[in-house]
Amino acid sequence: MPARRGLRGGGGAGYGRGEEYRKRFPGRLPVEPASPFPDPSPLTPPGVHRVPTADVLIYTRTTGYRHDSIPAGAAALAGIAREQGWGAEITEDPEAFTPGRLARCAAVVLLSTTGTVLTPEGRAAFAAYLRDGGALLAVHAAANAEPDWPFYGELLGTRFDGHPEIQPGTVLVEDPGHPATAPLPESWAWTDEWYNFTSNPRGTGVRVLARADETSYSGGTLGDDHPLVWCREVDRGRVFFTALGHSSEAYDDPAFRAHLTGALSWLTA
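Convert by adding 170 to the 1-based position in the sequence shown; the result is the number in the working numbering.
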């Protein structure tokens, strides 16, 4: 197994994933928008864009509460993926989680997925994908997915534990060196549901990037240290979680889109 890489933006040695991705995805283009049309020729003439063989799988299945913002979020994330040179597929089909399909994924997005959304076979394939160098972007209510799968809880480091009413508050950026938080102000005024969690994920191996200022809103349960955004590595894979993104309007917000753009960039670097 290759040596484990260090976390980006946090210092430390390690290898980048460029060589690994070139091996896994030999048809991927440099970072350019993908053509919407397949190339009929196996040899692409100069100046003709080839559709990437790797893509971002945006999974939106819910068996619990379903957010009205899922269509807006899926469209935004698909656009971000294409801006970074990946293809994008939006699906609610659990049969997408097979070894063969996941092998073509630069990253998987769980977009406000709630309840049990994977089959036992899908869980096994997804866990193997992550351990073998895959990437997961878990957004908002994805913290409330797969409640009876211990591995998923370990990935996130905690579980969803309710939220107050949507209201304005303040996000405090802890780590401005990460691509997902570099575009954000140190103290960011934001409106969301302000998720609470069953425990503080700090100390479980995650790298906390931003936290909530509980003095700026009502209904928080974690006190002075209330993480909202964090990332981690799992064997050769990467995981990124943001608790933000409740409303459809969030996905039109330039700062939030920059946040998601940086997250996907880090996951696929």
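For each residue, glycine too, the CB sits at the ideal point set by N, CA and C. In this text, all values refer to a predicted model and were calculated from it rather than measured experimentally.
Is the CB of residue 405 under 8 Å away from at least one CB in chain D? Among the chains in the structure shown there is no chain D, since it carries only a single protein chain.
Is it buried or exposed, residue 359, if we count other Cβ atoms within 10 angstroms and call 16 or more buried? Exposed is the call here.
Excluding the 5 residues preceding and the 5 following residue 254 in the sequence, name in chain order all residues of the same chain whose CB lies nearer than 8 Å to its CB. Leaving aside the five residues that flank residue 254 on each side, the residues in its chain whose CB is nearer than 8 Å to its CB run, in chain order, 201, 431, 434, 435 and 438.
Can you find the residues in the same chain that come closer than 7 Å, C-beta to C-beta, to residue 192, ignoring five residues on each side of it along the sequence? At residue 192 the pLDDT is 44, less than 50, meaning the model places this residue with poor confidence; the figure from the coordinates comes in the next sentence. Nothing meets the Cβ criterion.
Can you say whether residue 283 is buried or exposed, counting buried as having 16 or more other CB atoms within 10 angstroms of its CB? By the neighbour-count rule (16 or more Cβ atoms within 10 Å), residue 283 is buried.
Under 8 Å between C-beta atoms of residue 426 and residue 308: It is not a contact, given that the beta carbons lie outside the stated cut-off.
Taking only three categories from DSSP, how would you classify residue 418? Residue 418 falls in the helix class under three-state DSSP.
Would you kindly work out how many angstroms separate the C-alpha atoms of residue 345 and residue 389, rounded to a whole number? Their backbone Cα atoms lie some 25 Å apart in a straight line.
Below 8 Å, how does it come out for the stretch 315 to 330 and the stretch 366 to 379: are there three or more Cβ pairs, yes or no? Two segments are said to touch when three or more pairs of C-beta atoms, one from each, lie closer than 8 Å; by this definition the stretch 315 to 330 touches the stretch 366 to 379.
Can you look up residue 224 in the DSSP assignment and give me helix, strand or coil? Correct three-state label for residue 224: coil.
In its own chain, which residues sit with a C-beta less than 6 Å from the C-beta of residue 420, not counting the 5 before and 5 after it? Listed in chain order, the non-local C-beta contacts of residue 420 below 6 Å within the same chain comprise 426, local neighbours out to five positions each way being set aside.
If I follow the unbroken beta strand (DSSP E) through residue 403, where does it start and stop? Per DSSP, the unbroken beta strand (DSSP E) holding residue 403 starts and ends at 396 to 404.
Inter-stretch contact (C-beta, 8 Å, three-pair minimum) for the stretch 259 to 269 and the stretch 278 to 296: Result yes; three or more Cβ-Cβ pairs closer than 8 Å.
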